[in-house]
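Below is one structure, written out as structure tokens; the observations come after it.
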Amino acid sequence: MEDVPKVAVQGEEGSFSQEAGLKYWGKPVDFKPKRTFEEVIKSIENDETEYGILPIENSLIGSISTTYDLLLESNLSIIGEVISDVSHYLLGIKKVTVKEIRKIYSHPAALSQCSTFLESLQNCEIIPVYDTAGSAMMLAKNRDEHSAAIASKLSAKIYNLEIIAEKLEDYPNNQTRFIIVAKADKETYQKNSKTSIIFTTLHQPGSLFHILKIFNDYGINLTKLESRPHKTEPWRYYFYLDFEGHRRDKLINEALDELRDQTNFLKILGSYPIWSESKKVERIHITSGSIEDKDKSHLPLYSYERKGNYTIITLKDFDMPEIKIGNGSFTIIAGPCSVEGRKQLFKTANLIRESKVSILRGGAFKPRTSPYSFQGLGEEGLKLLKEARENYGLYIISEVLSPSDVELVAEYVDILQIGARNMQNFTLLKELGKVKKPVMLKRGMSATIKELLLSAEYILAQGNDKVILCERGIRTFETSTRNTLDLSAIPILKEKTHLPVFVDPSHGTGNRKLVLPMSKAALVSGADGIIVEVHFQPESALSDGNQSLDPDSYRKFIKEIKDLKEKLRK
Ligand code: PEP
Ligand code: MN
């Protein structure tokens, strides 16, 4: 059995540590049950086993102090971590009902995590024992039909017991993080790593601050800070710190060097792959020297830093000119708020084409604040948009309101629009991630820039990388405008993300007079384009007439934007 790792675990066969170990290795493991955590450590030190698995923190009860204290004393390294669900099962000899059980055995920690369930029982004695899996083992031996054990699902399998009740814990999502310890030569290198250290500070004001500042200066992300008493010096503490990065990374190496000067005592417990459920961690053995950290895979998909260049979205149809969005050319999208009928749409489309703008907007499904306002023509509106597309040679953008309409809207349009009111409709966002067409995501009226980016991440994470962001004004106390157009979002977004950034000055102000100055400001601020509302006859518009440009103001608008673009080019 050469490839089967020998692993020391605390607890009898079937313990939660063993369950976590199976998850970590994902293959058969030779587990050696030990009575205590100390025995786990000793077994590795004596070469009886290669690895040990120890719980370090639980999402309900917090840090496991025994493990922290042992790490200080032992010479072993942390070489891995695994997060495992801890779910408690009521196990018996026979599949009887809960009411028939008279005695329940388990470890006190497990009993305390299932207190609500236990309190609901009548005429049942609760008996604490040394180990959860041990309680299952005892039951398998004494075979009392009216006794039960609270233990893991794995214990049921190992001791051939019946599951009488499941998920007994007081809170769902009860999870424990375990660490894998081994001799230092078992340490591996992986880009997406974490490092754990222990240190004591110099006994002077601000010393912890100076240490944490080093991490801040190097841009290193801390993931956990814990303190434990210094046993020989009362009221002094050991600090345990976990942070992202591998000690072989150049940056981390330098930060650790600086740390040495600022600490009394520094012990590096190890660098190890950050646990991830989705991808199996690939562990590479360390080569000598430091390895430059160029891996950006931990950054969000929207991040400019991760991608390294701006996204350009191309609209292309065989008999229409190719349009590139995000290539620095400031794209204008124009059209009515809603599609109201053939005459309205075509007259407006004609105006748009004459102005050499190539993308026509128009809502077929309208998200109206009042249910009694015009709700849009639905599919009929989409058909009219398609006709306008063919007749005037314009690309089409239109809003989709519901996940069930995504496929339908995608058939008719070139860009799908997600309105402000739906920016956090995550079901809809996930659906959009599956289509092949570009998506314009408008900022929610009470959404932060970070929330806008995270909504974009939903779409990107599903595999659609053609996302355009749109600032369209946010709610503030100001009542002079419909919304407060947050133009500062443009440079902020351009720094944070590679995605094209648009501005909607129509909804951003609610006032046609403000559309031109705000569009100019958007251009100067670095936006990739604007989306504006235009109506051949705004006074008769079924929605947003006040903010829609009329034909004359639209023509003036186009000319002034063109002039400003030229001025900026010089
Ligand atoms: C629109 O563009 O017609 C619209 C409804 O915009 P928003 O979602 O930004 O309010
Ligand atoms: Mn509108």
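Count along the sequence shown from 1, add 61, and you get the number used in the numbering used here. Positions of the beta carbon are idealized from the N, C-alpha and C atoms, including for glycine.
query: In the stretch 213-246, which residue ranges form an unbroken beta strand (DSSP E) of at least 3 residues, counting only runs that do not cross its ends?; result: 223-226, 236-243
query: On a CA-only basis, which of ASP475, VAL461, PRO464, PHE426 is nearest ARG450? Give me that one, please.; result: ASP475
query: Only counting the same chain, and skipping five residues up and downstream in sequence, which positions put a Cβ closer than 7 Å to that of ARG344?; result: Residue confidence for ARG344 is low, a pLDDT of 48 falling below 50, so the modelled location carries little weight and cannot support an answer.
query: Suppose the cutoff is 7 Å on Cβ atoms and the five residues either side in sequence are ignored; what does the same chain contact list for ILE352 look like?; result: The pLDDT assigned to ILE352 is 42, lower than 50, so where the model puts this residue is not dependable; a value taken from the coordinates is nonetheless given after this. Result list for ILE352: TYR250, ARG309, ASP310, in chain order.
query: Counting only runs that start and end within the stretch 276-348, where is the beta strand (DSSP E) found for 3 or more residues in a row?; result: 283-290, 298-305, 324-334
query: How would the residue list near ligand 2 read, in chain order, if you kept each one whose beta-carbon is closer than 5 Å to any heavy atom?; result: CYS398, ASP605
query: For ALA209, list the residues DSSP reports as bridge partners.; result: GLY153, ILE165
query: Drop a sphere of 10 angstroms on the beta-carbon of THR348, count the other beta-carbons inside from all chains shown, and report buried for 16 or more, exposed for fewer.; result: Note that THR348 scores 41 on pLDDT, short of 50, meaning its location in the model is unreliable and no value can be drawn from it.
query: Please return the same chain residues whose Cβ sits closer than 8 Å to the Cβ of LEU263, not counting the five positions on each side in sequence.; result: GLN323, THR324, ASN325
query: Quick check: LEU362 and ALA522, are their CB atoms within less than 9 Å of each other?; result: yes
query: If you draw a straight line from the C-alpha of PRO94 to the C-alpha of SER104, how long is it?; result: 10 Å
query: Going along the chain, which residues of its own chain have a beta-carbon closer than 8 Å to the beta-carbon of ARG536, five neighbours each way excluded?; result: MET506, SER507, ASN544, THR545
query: Using beta-carbon positions only, say whether ILE275 and GLU319 come within less than 9 Å of one another.; result: yes
query: Assign ARG204 to buried or exposed, taking buried as 16 or more other Cβ atoms, counted over all protein chains shown, within 10 Å of its Cβ.; result: exposed
query: Measure from the alpha carbon of ASP547 to the alpha carbon of each residue in GLU594, ILE373, HIS559, PRO566, then state which is nearest.; result: PRO566
query: Rounded to the nearest angstrom, what separates PHE270 and SER173 at their Cα positions?; result: 37 Å
query: I need the straight-line Cα distance from ILE619 to GLY442, nearest angstrom please.; result: 26 Å
query: Taking 7 Å as the limit between beta carbons, can you name the residues of its chain near ARG630, skipping five residues before and five after?; result: none
query: Is the beta carbon of PRO428 within less than 8 Å of some heavy atom of ligand 1?; result: yes
query: Any chance the CB of ARG533 is under 8 Å from a heavy atom of ligand 1?; result: yes
query: Have a look at the DSSP bridge pairing and note the partners of GLY590.; result: THR392, PHE563
query: Could you name each continuous beta strand (DSSP E) segment of 3 residues or more that falls completely within the stretch 425-503, going from the start of the chain to the end?; result: 456-460, 476-479, 500-503
query: Can you give me the start and stop residues for the beta strand (DSSP E) that ALA69 sits inside?; result: 67-71
query: Please name the residue in ALA471, VAL595, TYR220, SER390 whose C-alpha comes closest to that of LYS408.; result: VAL595
query: Suppose you measure from the CA of LYS511 to the CA of ASP589; what does that come to, to the nearest Å?; result: 19 Å
query: Any heavy atom of ligand 3 closer than 8 Å to the Cβ of ALA481?; result: Ligands present in the displayed structure are limited to ligand 1 and ligand 2, and ligand 3 is not among them.
query: Which same chain residues, not among the five before or five after THR570, have their C-beta less than 8 Å away from its C-beta?; result: GLY534, THR542, ARG543, ASN544, LEU546, VAL576, MET579, GLN608
query: Closer than 7 Å by C-beta to LYS377: which residues in its own chain qualify, once you throw out the five before and the five after it? Chain order, please.; result: GLU383
query: Look up LEU548 in the DSSP assignment and say whether it is helix, strand or coil.; result: coil
query: Just mark HIS568 as buried or exposed, buried being the case when its beta carbon has 16 or more other beta carbons within 10 Å.; result: buried
query: Can you give the Cα-Cα distance for GLY389 and ILE313, rounded to whole angstroms?; result: 37 Å
query: Please classify GLY82: is it buried, with 16 or more other beta-carbons within 10 angstroms of its beta-carbon, or exposed?; result: buried
query: Going straight from the alpha carbon of GLU621 to that of SER120, what length do you get?; result: 59 Å
query: In angstroms, rounded to a whole number, what distance separates the CA positions of ILE154 and SER167?; result: 15 Å
query: Is it the case that the stretch 286-303 contacts the stretch 225-239, given that we only count it when at least three CB pairs across the two stretches are under 8 Å?; result: no
query: With C-beta atoms as the reference, is VAL143 less than 9 Å away from PHE77?; result: no
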